[in-house]
Structures are given as structure tokens and as C-alpha cells.
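**Q**
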Amino acid sequence: MKERLEQLKQEALNKVENAESVQNLKDVRVEYLGKKGPITEVLRGMGKLSKEERPVIGQLANDVRESIAEAIETKQSRLEDAAMEKQLEEESIDVTLPGRPVQIGGPHLLTSIVEEIEDLFIGMGFEIKEGPEVETDYYNFEALNLPKGHPARDMQDSFYITEELLMRTHTSPVQARTMGARNGGEPVKMICPGKVYRRDTDDATHSHQFTQIEGLLVDKNVRMSDLKGVLNAFAKQMFGAEREIRLRPSFFPFTEPSVEMDISCKVCGGEGCSVCKGTGWIEILGGGMVHPNVLEMAGYDPKEYSGFAFGMGPERIAMLKYGVDDIRHFYTNDIRFLEQYHKA
Amino acid sequence: MLVSLNWLQEYIDVSYYSPEELAEIITKTGIEVESVEPVAEDIEGVVVGYVQSCEQHPNADKLNLCQVDVGQETLQIVCGAPNVAEGQKVAVATPGAVLPGNFKIKKTKLRGEESNGMICSLQELGVDEKDVPKEFADGIFVFPEEVEVGSNAISLLNLDDLIIELGLTPNRSDALSMAGVAYEVAAAIDGSYELAEEKVKTSNEEATDYISVVVEDTKANPYYGAFVIKDIQVGPSPLWMRNRLTAAGIRPINNVVDITNYVLMEYGQPLHAFDYDRFGSNSIVTRRAKDGEVMETLDGQERTLSSDHLVITNGDKAHAIAGVMGGAESEVQDDTTTIILEAAYFHPSVVREASKHHGLRSESSTRFEKGVDPNRVERAGYRACELLERYAGGTVLHGVVTHDELDRSEKTVTVHTSTINDRLGTEITNEQMADIFRRLQFSYEQNGETFLVSIPTRRGDITIFEDMLEEVARIYGYDNLPYTLPAGASQAGGLTMEQQLKREVKAYFEGAGLHETITYSLTHKEKATMLVSPEVEKQAESPVGLAMPMSEDHGYLRLSMLPELLESLSYNVARKQENLFYYEVGTVFISEEEQVTKQPEEVLRASGALTGEWVAHPWQQEKKSVDFFVAKGILEGLSKQLNLPFTFEKAKLEDMHPGRTATVSVNGQTVGFIGQVHPKLQKQLGLKETFVFDINLEVLFNEYQKEEAFQAIPRHPSVSRDIALVVDEDVTAGAIEATVAAAGDPLVKEVRVFDLYQGEHLEEGKKSLAFRLLYLDPLRTLKDEEVEEAHNRILESVKEEHNAELRG
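The structure is reproduced here in C-alpha cells:
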């Protein structure tokens, strides 16, 4: 009996080994492990065996069954894997075909620059203030030490709507409004970005509408060295730590002393080239200590309070930083321009 | 202001510095040097030649054959200039010379005759056409007799000079003169300069015997000085003076005019010369012009005057508009022998008024408009007399006839060293302060750390402490200020809720696939009223217009961003860029007044314009052009982003497709619209199907409520059921949805259309709409019967309200 079982085992294992499909394996299972199979047959004849032999043969028969079952299982999973492999091979694709495009938009370059500057100054504790684009003559000029008939008004030829209303020529009126709202008692630390308008014929370097960002800090004991420190911090973050800044005297009716700030030329590193017209420096913004008349008109005592203000043009910064060669690009909205500056 | 380096060098020694270094120093101390340029390109080999003979070319009518002595040799030169003549001293470009424009001079033959060089015109030597004296405009330049043959013509003509261009800010009119520049440079380089004293030999005759002066408006004209100079011989001015005027950008004319211009450039004081014999009287009366008074100015124009203008008269007729331009009648001419020389102080505003009114901005008017130095007015007159004596043969009569109420006193400003340091953040000592005032040539009285500084009248821009603060800072050097950070109480910087929401909305649109654009706020009148959202239209009386627009295209403030956005689309489509998905966030300007008297309301809105292929993935058969629902989906996303339900209602709006347009409202308020641009307008703009939206962001931001409390995640599963309903064609999905939601409340959490069908197997005029309903009770699992009951209720309601049948 023992021999018979061993023989059956060998037979079955051979058939498993040679099986070529899952169906072959099923047949093997039915043939050898089924109720009518030879092993069951062997077990049925156990009655003829002695008491001692019975458990030995029983055990052996079970072992044989298990061995066959296990072999079937192993073989089956091998066959299944092979089948899947084959199927996956058939599912193969050309990975170089283009993917389904995702429609991606993005911010306008000026917005990116304005927000970058905003965030930089927010980091230094400034708040963002906004104001109307149609301004009164008072806030646009008079409150900024530019009384009617002042020759410096010519520097900012304006679009008037009525004698008292005009398109603001700078964002400075937001400063005057903010200071005025504080009743001369509290410090002001603000940035005001926005659109401004001047009577200029649109060409490569002029635009009747453009963007400005101005900053203002009014407090007790504000020094000109503070202006220098803040602008230095700004310039290094905005343009790179390796850039130098230089302040030189200038004139604005709303500041005294007034400054113009240059940064060292990126192209030549200060040696002088065509970009910086041979000077090694590029003019980037204007500013100064708030004129006492401006403080006074806003209700601050210029003996007690002092402050600084500065202003810059994001278009100019964009033109310098990215080499944009025509200011009209910012307002034409050519898709080929817009798409160039969609950074995350 | 154009500054000749050679001229400046005569006043103050700057030779220690290279021109670039000097420019840098001047810029850093206060006046921006815009450029340093040579007068002419590098030229060599041009010498003074003497025309020994000049005969007609044997083979050419218009050419001359000249023998020219250039020092070492005599050259035969063929010259075509009409004014060449024997005995002239001329500029000769010898063979090997290179003229501007890389023009090389070579020995050559012209019509068979040898020509060994070229006799030059000023233009050929690089002088600007406008600076060339009229007599030499159409021919060669002729030197005065005294120049030496063979000497360097380039330096004689000052063409080797460098011109420093100063960009003057309006406050620094003191530097509108060579003297002023010299004072500034002296302070900058710590050099020394003082305006030299005038030396005039006067005759025994008294000027008062020739002329009297009456001033009617002393406020407008606090000083008027008249000098009388006889025996004038009008002719060319000396070469050096002509050179300097040319360098300053002024065309030389004749000695009398050149001298007044020269003193203008030297002192910054405009002067005017009248022909005494043509003046018509011996009495000068300055007065306000009469309204409608007419005079002819030097340029031959008839000018109509008004009482805003000041005129110089002979007691009857106006002979000059004060500070602006002289009259034609008493203009100095070749036969003039006696002149009245005017040196006056006219008030800036009266000159500005006249120059603006007549559109006559001149070297004179700009200086008067900014205020001339009261202490230099009369001195300038004497300086001109000195030069007229020397270079125009003039005899200066004794005395100057004046009307004089001019304030020439110096203002004072008190400065404390400690206050200066507090404001600058510096540690400047009293000694350094004193040194700065010395360099500026400001006199002062010192008492410890207090300085009482007298401001020279040439520096009319300095009136208050802060002006002195700037003077000290700039001479001390902006470079030497330390870097500090503000010490005051710090505040937390940040964005307001609106500013944050604005950034979020923009980020949303960009994530949704739109490009941000920025268009002009000022637009054409027609566009200002186009595609205006109904609620804006209701509020706005008419678009706000500029008083004096520069062009019709930018004359009115927009009530909608859409017209300019569509313009941007057209621009791109015309350049074959056809898939455009644009949005803009900006303000529109709403005035409720017909005649604007107060600031319009500025409302923040978001507009979008979409055209072209939204999905372009052809190889997998996925292609989709923009349609209404692409645009609507973007707005629905915004609604989700802000957690504000938007309601869309079909509407008919001007310039919009009548069947594909809807208004958008939030909490019962109309906030904007969405739809397809009317095909007629599309065609006009060269656009294919284009969809737009325009929505008021301010209302959205006001309605927005930040969700603070945590919403529990439902633990129990939802149950979904689908229903397909057959309804009449004109029943809207929105209407059914609303009915379903109302009838299903509170268990139905979501109703979503998933199929729309019309056609075969359906009755004519009917359509089938299928909805997926989501039932949920967050607190427990729903029982089948409950869902069933609600479902039946819904079916009854839609049947009742919309005659909807369950599709079999």
C-alpha cells in the first residue's frame, strides 16, 4: 500500500509539473484528490490493515494528498503569473505620446512683482493700504506740498476730470489719507501699491497708465539712516545679496532731504556697460524724509514726528529684472508675453 | 543743462579728476550727471589753411580749384562750397584725416583735377545743424583772420571739448548757469570758486539822459535796470564765445545777441537788448498788458496778450513780453548802433503764465520761472556791458537807470548739530558742520552746536531746517550715512481680509486655467458703456470722462473691463494665437451724477473672457471648445471656493447672445453676468465663439463668512438614487433641481444632473433629464423605507410642479 501511495504521488506530481493550463491542474486535482480518486481508493482498503499499520498509512495518505495539493497551488500561481505577464505585455503603451493637457493659467508679471514686494515689506512689519484711482486735487497734490501753481506739478502732467478731480498721478495720496486718518497720534508703517496715470504718449518707455508702489514710515525719531537700512534690506532681497545700493541726492516736493536709489548693475557688476549707460549703477527708486509740510498737513507735529517715504515702479523693476524691452507689453496682454512669467 | 568741461575748467580746476570721476562726484553730491559726451567724434588731421587762390575748375561749373597753404605745404583742393574765396582761413581735412561717420580723406582726382584734402563745413566736423551760425549753414566755415595757419582746427573750434549733461531737479535752478555749476562743483570737490568782478569803463555821458524807467507793477517786476551802450558795431562774436555757446546748445547769431546769451549761460540771468533808435521813445514803462493787446514778437508771430502778462513798453507800444520774448520792432539789426540793455527781475509766476499761454519756453523764461538770483541781476548787466565794450565796440554810458524794490537780503536758518545727527542717524561734529558750510560758501555764526547760517541768494531753494539737513547730508555724503533699522514700536504687518480674499480669488482663477491680464482703465467712450453688468448699468448715470483726453481711445473711465479684455483677445487672434482664457481683477468707476462733482465709486470686479479650444487632446479624441458651461463651471468653482451659492438666471443683455446669457446673483443680489458674446460683436472683433463673465467681488467679499467651526465628517454612509424624468423642453434643470431639493429636505443633500437626452424614443417637444440624488442623515444610517418615502414625495412634487413623468 505504501508503495502504491508513493507511486501515486510521483505520478500526480509529474502531471502537475507537465500541466500547461489552469484547466490541466483542475483535472489533476479531480483525478487524484477527488472522492473517486485513487488515494481515496487506497484509504478505503485500509480496513484490511492491522491496527498498527492503519495510522501509519493514514498519515502517509494525508501527506501525499497535501503534497499534491501544494504542488497544484504552486503551479497554479505560476501559471496565473505567466498569464498576467502575457496580458500586461499586450497592454503596453507608447509612453512618448503626449499627455492630456491641463489648462494652466497664471499671474500677470506686474502682479507677481507687486506681491513679491508686498510680502517683503509685510515681513518688515508694514501693512498694505489702498486708495481711489480718481483722486481729489487736494490729496493728489496739495496735501503733498504741491500747492496750486507749484512748478513741480509740471513733473506730473495729469488727466483732470474736473478742476478738483483727477486720475491720481502717484499712489502718494494713499499716504496722505492714511496719515490723516490717524489724527497725528499714531505711527504709520505702510506700503501702497496701485495704478497711476499721467499724460504721456504711450511708447516703448512711457505709458499713460502704470503701476507704483510707495512706502511710508512715520514715527518718533525716524532717521535717514533708517531709510537707508530698510531700502538696503529690500534691495538685497529683491535683487540679490550681491547687489550694492547707492543713495544720491534728488528732489521731490514731498520729501526733504530727497534721495534716489541706485543698485549696482547686474550685467557688468558695477564696471560700466551699455545697460547702466557706463555708470555701473541703475536707478531703481526715489524717496526721502517726509517733508515737514506734509506731516503738518496730515496733523503730525514735525518737531515730534519724522518719517521716510519711498516709491518705485514695478514696470521698471520688471524691465530691469527680466529685460522686458517695451513697457507696452504689460498692457497689450499678448499671450506669448503672459505665459513667459507664470512661475509658481 | 549742458556744461562744457573746458569752460568749467576756466572757473575751477577740475583737471585732477578724470571726466568720469568728476561726473560721479557731482552725481553723488546732488546733481545727476546724465551723460558725458565729446562735442564731436574723435577727429584728427584737420588744420587751419589759408586759401591762396581760388579759381573755377576747368571742367565743372560748380567746383573751385583752390591752392591752400596748410603750414608745411600747399595743397591743391577741389571745393564745391559756394562761399569759398581767396584770402579765407578755413578748416582743411588733410589726406589721412578721419571725419565723423568714419569718413576717410584721401588724395583723389575730381573731374580730372587733383584734390588733396577737403575744406570743411561745421556740419562735416560733427557740429549739430541747429548750432551752426546761419552765415555758414550752406557752406564752409571761415575762421577769423587772427588764427594761425597750420594750427589745429579742432581745438580752435572746441571740438575736443567734453559736454557734461546735468539732469537738474526743479529745486536746483541755481545750477542753470556756469557760475552756479562752478559753486556746486567747488563744494563737491572742496575747491575754490568765486564769480569774478565785472570791469566796465564807462563814458562821461549819463544813461539817465537817454532813458527813464517806470514800473507800474512792482510785485511782478521789483527790479528793472536799463543800461545804454553806444557805438555798437554789430558783427560776429569772437570764436571762443561762439564755441562756448555752441557747446551750451545755443546757435551763435551776432555779437550783441551772443553776448546776452553768453551772460545768460554764465550768470543765469536773462538779458534783452533793444535797438535804442527803433524803440520809439526814451522812456521804458513796464506794465500789465491790456486784455486783447497785440504785439509782434521776434519770431514774427502776432501775439494777443492779456492782463496776466507783463510787457515792456515805450510808454505806448509793447516791445517785449517780459522774460519771454522781445518784439520784432526794436530787434537789434546789422545797422544798430545804440542799444538799451535790460537786466530785470520778473516774478516767476508772471513769466510762467506768459510762457505757458504763448507756448514759448526759452532759456530765458525757464530761468525767470524758477527765480533768478537777485544779487546777480545788475551784475549780469555790467558783465554784458564789459563784453559789449570789448567785442562789439560799444561805449557804455555812465550809470544804470533803475526801478529797484528788490529784496536782496540773505535768509537765515538755525541749525543744531544734535538735531542734524538725530535726523540723519550720524555723529557729525561741530567742526565737520563748520567745514561743510565753508565748502558750500554759506556764512554762519556759531554758538557751540548752534549755527545761524546765512543762505546766499543764489540758493533760493533753501528756506527751512530740512533744506539745510539735505545740504549737510549731501556734502557729508549719503554714502557715509550708516545703515540702521527703525527703532520704533513694531507692528505686525499683514494683509486685510479683503486683500487676502483678492489674492485667493486670483489664485483660484489661475488654478482654474485663466491667465491674469491688466488692461487700461481709460477707454473709448463707446467701450466705456459696453458689456456693463445690469446692476452697474442701473447705478451709473454715464461713464466718467476726462476733461482733456490725449486721445479718443483713452477718454473715459471704464464701467466694465470686458471691452478692453475682448480687445486683447482680438489682438492675439490677429496674431494667430487662438486659445485664450483671460481674466482681470480691477476696478470700474461708477458715478451716479450726470455732471461729476465728486469721486466716482470704485468697485472691485473680476471679469473673464474665454475663446478657443479648452481641451485639446486630439489623439485620444478629446477636444472641447470653450462653451457656456466651461465658463459657468469656473464661476461655480469660485462659488465653492468662497462658500457662497450663486444663482444663474437666464437674461437678455445688450451685446450678448440672447439665448446664452444669465445673470448671477448671490443671496438675492445681482452681482454680475455670464454668457456668450453676441455673434455680431464677435464677428466685429474677429473672434470665434467667446464667453465672458463679470462679477462684483466686493459684494462677494462682504457676503463671505469664514467658516471657523469644524464640521463633523459623517460617519454613516449616504444612499444614492437616480431618477430620470421626462419633461417639456422648456422646463429648466435648475427649476427641477430646486423642486427636488425642497421636497427632499432634509434628507437630500445633493442633487446633480447626470444626463440630458432629447430625440429618438421621446415624444416631440420633450426631453429627459436624469438626476442623481444623495440621501444622508449624518447621525444615523438611513432605513430603506425612509429613503423610499422621501423619493416618492419628490416624484409627486416634480409631477405636480413640472408635469414630470418618470422615464420608463
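Residue numbers (my numbering), protein chains in the order written: chain S, 1 to 344; chain F, 345 to 1152. The C-beta atom is built at its ideal place from N, Cα and C for all residues, glycine as well. All figures in this text were calculated on a predicted structure; none of them were measured in a lab.
(1) For Leu520/F, which option in Ser547/F, Ser674/F, Tyr606/F has the closest C-alpha, if you only look at C-alpha atoms?
(2) Can you give the Cα-Cα distance for Glu73/S and Met1/S, rounded to whole angstroms?
(3) Under 8 Å between the Cβ atoms of Leu295/S and Gly307/S?
(4) Suppose you measure from the CA of Leu583/F to the CA of Val391/F; what does that come to, to the nearest Å?
(5) At which residues does the beta strand (DSSP E) containing Tyr689/F begin and terminate?
(6) Taking Phe254/S and Gly837/F to be in contact with their CB atoms under 8 Å, please state how far apart those CB atoms are, rounded to whole angstroms.
(7) Between Arg1116/F, Phe1115/F, Tyr1101/F, which has its C-alpha nearest Gly1109/F's C-alpha?
(8) Work out the CA separation of His859/F and Ala344/S for me, nearest whole Å.
(9) Roughly how many whole angstroms lie between the Cα atoms of Ile1080/F and Ala995/F?
(10) Assuming Thr1007/F contacts Pro878/F (C-beta within less than 8 Å), just tell me the rounded distance between them.
(11) Does DSSP put Phe487/F in a helix, a strand or coil?
(12) Whole-angstrom Cβ separation of Leu979/F and Glu1047/F, contact assumed at under 8 Å?
(13) Output yes or no for whether 8 Å exceeds the beta carbon distance between Val529/F and Gly535/F.
(14) From Met224/S to Gly180/S, what distance separates their C-alpha atoms?
(15) May I ask you to verify whether the region 122-136 of chain S touches the region 927-946 of chain F, counting CB pairs closer than 8 Å and requiring at least 3?
(16) Name the one or two DSSP bridge partners that Tyr567/F has.
(17) What residues from chain S crowd round Gln943/F, counting only those whose CB sits closer than 8 Å?
(18) Can you find at least 3 beta carbon pairs, one from the region 259-272 of chain S and one from the region 855-869 of chain F, that sit closer than 8 Å?
(19) Spell out whether any CB of chain F is found under 8 Å from the CB atom of Thr169/S.
(20) Using a Cβ-Cβ cut-off of 8 Å, state whether His206/S counts as contacting chain F.
(21) Check this for me: beta carbons of Ala666/F and Thr630/F, under 8 Å apart or not?
(22) In three-state DSSP terms, what is Ala532/F?
(23) When you compare each of Leu407/F, Gly415/F, Gln613/F to Val422/F by their alpha carbons, which one comes out closest?
(24) Using beta carbons (cut-off 8 Å, strictly below), is Ser362/F in contact with chain S?
(25) Contact defined as beta carbons within less than 8 Å: I believe Thr770/F pairs with Ala531/F. What is the distance between those atoms, to the nearest angstrom?
(26) What do you reckon, are the CB atoms on Ala61/S and Val30/S nearer than 8 Å?
(27) Between Thr96/S and chain F, is the shortest Cβ-Cβ distance under 8 Å, so that the two count as touching?
(28) Does the beta-carbon distance from Asp679/F to Pro718/F come in below 8 Å?
(29) Taking 7 Å as the limit between beta carbons, can you name the residues of its chain near Ala318/S, skipping five residues before and five after?
(30) Can you say whether Met522/F is buried or exposed, counting buried as having 16 or more other CB atoms within 10 angstroms of its CB?
(31) Around the C-beta of Glu789/F, are 16 or more other C-beta atoms found within 10 angstroms, so that it is buried, or is it exposed?
(32) Near Glu896/F, what residues of its chain come up, given a Cβ to Cβ distance below 8 Å and the 5 sequence neighbours on each side ignored?
(33) Measuring only between beta-carbons, confirm whether Leu79/S sits less than 8 Å from chain F.
(34) Is there at least one Cβ from chain S nearer than 8 Å to Ser693/F's Cβ?
(35) Buried or exposed for Gln416/F, going by 16 or more other Cβ atoms inside 10 Å?
(36) Measuring alpha carbon to alpha carbon, tell me which residue in Tyr820/F, Val1063/F, Ala1056/F, Phe972/F is nearest Gly1019/F.
**A** Looking at the atomic coordinates:
(1) Tyr606/F
(2) 26 Å
(3) yes
(4) 16 Å
(5) 683-689
(6) The Cβ separation is near 23 Å, so there is no contact.
(7) Comparing Cα-Cα distances from Gly1109/F to each of Arg1116/F, Phe1115/F, Tyr1101/F, the minimum goes to Tyr1101/F.
(8) Interpretation of Ala344/S is limited by its pLDDT of 41, a score under 50 that renders its predicted location unreliable; no figure is taken from the coordinates.
(9) Approximately 19 Å between the Cα atoms of the pair.
(10) Contact check for Thr1007/F and Pro878/F: beta-carbon distance about 6 Å, within the 8 Å limit, so the pair qualifies.
(11) strand
(12) In this structure, Leu979/F and Glu1047/F do not form a Cβ contact; the two beta carbons are roughly 15 Å apart against a cut-off of 8 Å.
(13) yes
(14) 23 Å
(15) yes
(16) Tyr689/F, Asp748/F
(17) Against chain S, a Cβ distance below 8 Å from Gln943/F picks out Pro132, Val134, Glu135, Thr136, Leu165.
(18) no
(19) Residue contact check for Thr169/S against chain F: no CB pair falls below 8 Å.
(20) no
(21) yes
(22) Note: Ala532/F maps to helix in three-state DSSP.
(23) Leu407/F
(24) no
(25) Not a contact, Cβ separation roughly 18 Å.
(26) no
(27) no
(28) no
(29) Leu109, Leu110, Ile113, Val324
(30) buried
(31) By the neighbour-count rule (16 or more Cβ atoms within 10 Å), Glu789/F is not buried but exposed.
(32) His868, Lys869
(33) no
(34) yes
(35) An exposed status is given to Gln416/F, since fewer than 16 other beta-carbon atoms sit within 10 Å of its beta-carbon.
(36) The residue with the shortest Cα to Cα distance from Gly1019/F is Phe972/F.
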